[in-house]
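If you count the sequence shown from 1, position 328 lands on 1078 in this note's numbering, and the numbers rise without skipping. Don't be surprised by glycine CBs; every beta carbon is placed ideally from N, CA and C. Note that this is a predicted model, so its numbers are computed, not measured.
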Amino acid sequence: MTTAKHEALPPPRSGTSLVVTILLMAISALLSGYVTSTILDKEYKIIFAEMQKDCHQIQNDYLTCRSHAAEETTKWRIYADQNIRACQGYVERHLGEDILAYKLGSDGLGKAINRTLEHEALQFELTQSEAKATTLLNSNIILNQEVEALEKDRAIRTRQMKNFVTELEDAERALELRDLERVECDRYYRDLINCEESLDQAKQDNVNNEAPSSHTVKQLSDQVQALQNQGKMKEAMLEEMGFTLNDAKKEIQSWKVKAESLAEKVNFRCRRDVLKQYGPGPHYVQIALSQEETILLKMAPLDLMSHTIHIFMNLIQEKMYVGGTFLLAREHILVAAPIDAFDPENNQRLEEEMVDEGYFPDGALLFHQYSPEFPHEKYTVGFSSTGGPLFYINIQDNIEAHGPRHIDNEGDVEGDPVFAEVV
C-alpha cells in the first residue's frame, strides 16, 4: 500500500492565500483519496484474484472430494448391499432356526404341559394311594391290635383248653378207674350173692341140723352189709363222675364252637387285609437267595389258607427272613428259617427280632390250617408244626409224612399248613 507525501505550505499571508490554501488542501485530499482508492483497488484485485484462485482450488478440491466421495459412496453402497443381503440371509436363516426352535419349543411345551398334567394326575393318584396306604396302615394297626388281643385270648383259651384237656384226661382216667371199680363192684356183688347163698344155705343147714352157728351167721351178715355199703358208695361215685364228665364234654364242645367262630373271624379279616394290601391275586412272592438266584412262590387260593397266607406275606413284608438260611433236612424237605447257623451274633439278632414280634417260641400262626385241596405234594411250601416262621419246601411227596395222620403214641395229629408252591 503506497502513502502520499505532502509538503509543508507556508503560512498564508492574506485572504486569497487562505482560499488557495483551502483549495490546495481540498485538492490534496482528493488526490489522497484517489491514490488511496487506486491503491485499494489494486489491493482488492490482488485479493480477489487470490480468492478466485483459492475458490478454483477449493472447487477443484470439492470436485475431487465429490468424485472420491461418490466412489466411496458407491463402494459403501455395494458393501452395504452385500451386508444387507448377508444380514437378510443371516436373519432368514436365524428366523428359520427361531421358527423351528419355536415349533420345537411349542411341541416341548405341549409335551411338558401334558407331562405336567400327567404328573398332576399321578400326584393325585399318589395322594389317593397315600391316603389308601394310611387307611390300610390304620387298618393294619387296628388289625394288629385285634390280633394281639386275639393272641392274648388265644393264650387264655389255650390254657383253658389245656386245663379242660387235663380235666378230660383226669375224667377219662376216672372212667377207667370207675370201670375197674365197676369190675371190682361186680366181683363184690357176685361175692355178695355167693355170701347170701351161703347164708341161706347155712340157715337151711341150721334149720335142718338144729345146730345154729351164731358166730358164722353174724360174720356173713357183716360181710354182706359191708359189701352193700361199698357198692352204694361206688355207685354214687360213678354217678358223680358221670355228671362231671358230661359237664366237661359240654364245656369242651362250647369252647370248640367259640374257637371255630374265632377262627372264622380271623380268616375273614386276614382275607380282607390281603385283598386290600396286595389285590385280588393270584399272589406271588419272590425270594432272593443271591444276586443271581431267586425262588418264585405262588400262594395257595386265598379262601383255603387266608390266615396262613396273611401271616407269611407279613413275615416277608417285615423282612424277617433277611439274613436267614436254607438247610436240607432229612433229605425230603428244604428248610428256610430266620436262623444263621454260621454267625452266632446274627442268629441271636434274628431270634430277638422273632421274640419281639411274638413269632417265637410259640409260632406265628394263631391256629393251624390245613386243606386236603392243597396237600403236601412235591414242591409245595408249608409251615412247620409250630406254625412258623420256619417254613420248608417239599422236595418229594410228603402227604403221609406231613399231612393229617395218626401216631400210636400221640393219637391223631394235624397236618402242617401248606400255603404255596414253587413255580
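Item, Value
"Can you round the beta-carbon distance between phenylalanine 1141 and serine 1134 to whole angstroms, since I take them to be within the 8 angstroms contact cut?", "7 angstroms"
"Going by DSSP, what residues sit across from glutamate 1171 in a beta bridge?", "Lys1048, Thr1130"
"Give me the Cα-Cα distance between leucine 845 and isoleucine 834, rounded to the nearest whole angstrom.", "15 angstroms"
"Looking at the structure shown, is tyrosine 1071 part of a helix, part of a strand, or coil, going by DSSP?", "coil"
"Quick one: what does DSSP say asparagine 1148 is sitting in, helix, strand or coil?", "coil"
"State the Cα-Cα distance for the pair isoleucine 1045 and isoleucine 1143, rounded to the nearest angstrom.", "11 angstroms"
"Provide the residue(s) that pair with alanine 1038 in DSSP beta bridges, ordered along the chain.", "Thr1044"
"Between which two residues does the alpha helix (DSSP H) carrying methionine 1104 extend?", "1094-1106"
"Is the distance from the Cβ of phenylalanine 1152 to the Cβ of glycine 1137 below 8 angstroms?", "According to the sequence displayed, residue 1152 carries histidine and not phenylalanine. No, the pair does not count as a contact, with Cβ atoms beyond the cut-off."
"From glutamate 847 to tyrosine 812, what does the alpha carbon distance come to, in whole angstroms?", "49 angstroms"
"Distance, Cα to Cα, lysine 982 vs aspartate 997?", "23 angstroms"
"Tell me the rounded alpha-carbon separation between arginine 1175 and proline 1088.", "An answer regarding residue 1175 cannot be provided, because it is not within the stretch 751 to 1173 covered by the chain."
"For glycine 1074 and tyrosine 1129, what's the separation of their Cα atoms in angstroms?", "20 angstroms"
"Can you find at least 3 beta carbon pairs, one from the region 1032-1052 and one from the region 1000-1010, that sit closer than 8 angstroms?", "no"
"Would you tell me roughly how many angstroms separate the C-alpha atoms of glutamine 1067 and glutamine 1003, rounded to the nearest one?", "37 angstroms"
"I need the straight-line Cα distance from asparagine 1097 to histidine 1118, nearest angstrom please.", "26 angstroms"
"Do methionine 987 and alanine 1170 have their C-beta atoms closer together than 8 angstroms?", "no"
"Look at the alpha carbon of glutamate 1107 and the alpha carbon of histidine 1057, and state the distance between them as a whole number of angstroms.", "17 angstroms"
"Return helix, strand or coil for glycine 1031, following the three-state DSSP convention.", "coil"
"Just the Cα atoms here: how many angstroms apart are leucine 1065 and proline 1139?", "8 angstroms"
"With the cut-off set at 8 angstroms, would you say phenylalanine 1110 and glutamate 1101 are in Cβ contact?", "yes"
"Are there 16 or more other CB atoms within 10 angstroms of the CB of methionine 1104, so buried, or fewer, so exposed?", "buried"
"What is the rounded straight-line gap between the Cα of aspartate 1090 and the Cα of proline 1167?", "24 angstroms"
"According to DSSP, is isoleucine 891 part of a helix, a strand, or is it coil?", "helix"
"Could you check the C-alpha separation between threonine 994 and lysine 882 for me, to the nearest Å?", "54 angstroms"
"Alpha carbon to alpha carbon, what distance is there between leucine 1025 and glycine 858?", "41 angstroms"
"Please report the straight-line C-alpha distance between serine 879 and tyrosine 1034, rounded to a whole angstrom.", "21 angstroms"
"In whole angstroms, give me the CA-to-CA distance for leucine 854 and alanine 862.", "12 angstroms"
"With H, G and I counted as helix, E and B as strand and the rest as coil, what does DSSP make of methionine 991?", "helix"
"Glycine 783 to tyrosine 794, Cα distance in whole Å?", "15 angstroms"
"Histidine 869: buried (16+ other C-beta within 10 angstroms of its C-beta) or exposed?", "exposed"
"Does glutamate 960 come out as helix, strand or coil in the three-state DSSP assignment?", "Caution applies to glutamate 960, whose pLDDT of 46 falls short of 50 and renders its modelled position unreliable; the model cannot decide the point."
"How about methionine 1063 and tyrosine 1028: do their beta carbons lie closer than 8 angstroms?", "yes"
"Taking only the alpha-carbon atoms, compute the straight-line gap between histidine 1082 and asparagine 1148 and give it to the nearest angstrom.", "8 angstroms"
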